[in-house]
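Residue 10 is where the sequence shown starts when you use the working numbering, and the numbers rise one by one after that. We treat Cβ as the ideally placed atom computed from N, Cα and C, and that holds for glycine. Source: prediction; values computed, not measured.
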Amino acid sequence: MTIKVGHISNPANQVRINDPSVSRMHLEVSKIDNDTLRIVDLGSTNGTRYFSVHSRRNSTWAFQGFKKT
């Protein structure tokens, strides 16, 4: 499952954010397995920030340890 996140002006995004710092196609969140998510910056203008860490454009991260409750 992949969810596209970006600016409200792009109807192709499943999550649309009304903020000028968010690009039309900003990032994707994918479920890799039951406890791993992958976040991919899609070349956004301002990069992506997670847990107060700023990333570069076109970066990919994997997060493990997510459990369904």
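For His16, the uninterrupted beta strand (DSSP E) segment begins and ends at Thr11 to His16.
Excluding the 5 residues flanking it on each side, Ala21 has same chain C-beta neighbours closer than 7 angstroms at Lys13, in chain order. Here Thr57 is near His35, since their CB atoms are less than 8 angstroms apart. Linking Ser18 to Thr54 through their CA atoms gives a straight-line distance of about 15 angstroms. Ser30 carries a coil assignment under DSSP once its states are collapsed to helix, strand and coil.
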